[in-house]
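Student: In the numbering used here, the protein residues as written are 1 to 286.
1) Between residue 159 and residue 87, what straight-line distance do the alpha-carbon atoms span, to the nearest angstrom?
2) In chain order, what residues of the same chain have a beta carbon less than 7 Å from the beta carbon of residue 122, not counting five sequence neighbours either side?
3) Would you call the stretch 35-50 and the stretch 85-105 touching, i.e. three or more CB-CB distances under 8 Å?
4) Could you check whether residue 151 and residue 172 sit closer than 8 Å to each other, using their CB atoms as the reference points?
5) The alpha helix (DSSP H) with residue 86 in it runs from where to where?
6) Assess contact between the stretch 156-170 and the stretch 123-130, defined as three or more Cβ pairs (one per stretch) separated by less than 8 Å. Is contact present?
7) Have a look at residue 221 and residue 77 and give me their C-alpha separation to the nearest angstrom.
8) Using DSSP bridges, identify the partner residues of residue 177.
9) With respect to the beta strand (DSSP E) encompassing residue 25, which residues constitute its N-terminal and C-terminal limits?
10) Could you tell me which residues DSSP pairs with residue 165 in its beta bridges?
11) Where in the stretch 60-140 do unbroken runs of the alpha helix (DSSP H), each at least 4 residues long, occur, reported from the N-terminal end onward?
12) Give the single residue among 139, 49, 47, 149 whose Cα lies nearest to the Cα of residue 25.
13) Rank 211, 177, 174 by C-alpha distance to the C-alpha of residue 191 and give the top, closest one.
14) Looking only at C-alpha atoms, which of 196, 230, 201, 203 sits nearest to residue 16?
15) For residue 1, I'd like the list of residues in its chain whose CB is within less than 7 Å of its CB, leaving aside the five on either flank, ordered along the chain.
16) From this set, 61, 48, 58, which residue's C-alpha is nearest residue 108's C-alpha?
17) Can you pull the DSSP bridge partners for residue 213?
18) Locate the alpha helix (DSSP H) running through residue 231, then write down its first and last residues.
19) Pull the bridge partners of residue 206 from the DSSP assignment, please.
20) Tell me whether the stretch 132-141 and the stretch 49-61 touch, counting them as touching only if at least three CB pairs, one residue from each stretch, are closer than 8 Å.
21) Would you report the Cα separation of residue 97 and residue 202, rounded to the nearest angstrom?
22) Measuring alpha carbon to alpha carbon, tell me which residue in 161, 189, 187 is nearest residue 181.
23) Please list the terminal residues of the continuous beta strand (DSSP E) segment that includes residue 194.
24) What's the call for residue 249, buried or exposed, on a 16-neighbour Cβ count within 10 Å?
25) Among 73, 183, 82, 133, whose alpha-carbon lies nearest the alpha-carbon of residue 100?
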């Protein structure tokens, strides 16, 4: 089923006409059995080498100190902290906390394959997170992500509210959301996939039991990313500019740098420039 999710992201796929403009829900689009399960998460909490910050606990946006849900384990004769304390985590979840797994693709191979497939067809860096939320609870307050979002419901039901009025959608992430009047309200069932354009404010609450969903954030290069990519490219390719500047006056150095930037920007086509930025972004996330 992973391939079908990737197919809807390709040029001409289901999401193409909605990309960056409006949300979309695909009902029953994937088989939840192809993704991570609560049983596997329980196993990882009890007996794996998973360490903080690959997991955290949230309740309405509040995060307890790590000492309240991590423990020390003996690793080949060395005492190492930051491992999950399964008893403490389950106690926090029973009190309304959401277990959040961060950068799932770093250690869960099926998610890694999915991320690689998406990055092969979408010009974005993809991060992966799992939210396991108890009934009638939320992990995060209403917020915006500085990225496109795919939410894949894997277990239980989750009610989403969107706040897509004029002035609410912005380029940066943030909590400054007017959550009094939602523009859209709906419930995701297992197998449903939600697409949210970049910067759309949202809120999600588990209904009728525990909820487990996988969130993929798809971050396209920002102007900052593109500028930094160009600078990095010049640093790597223009030896004379970078290593002979001491033989020039400051005025010449400034003019040479300006000329190099203009020449570099003109020489790179849009696709090559984008790929340089994406390579740096994906190296950070991967």
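Just so you know, even glycine gets a beta-carbon here, dropped at the ideal spot from N, CA and C.
Tutor: Let me spell this out:
1) 28 Å
2) 9, 218
3) yes
4) no
5) 86-94
6) no
7) 44 Å
8) DSSP lists no partner for residue 177.
9) 24-26
10) Partner(s): none; residue 165 has no beta bridge.
11) 86-94, 109-121
12) 149
13) 211
14) 196
15) Unreliable placement is indicated for residue 1, whose pLDDT of 46 sits below 50; no coordinate value is reported for it.
16) 48
17) 131, 153
18) 223-237
19) 158
20) yes
21) 19 Å
22) 161
23) 193-196
24) exposed
25) 133
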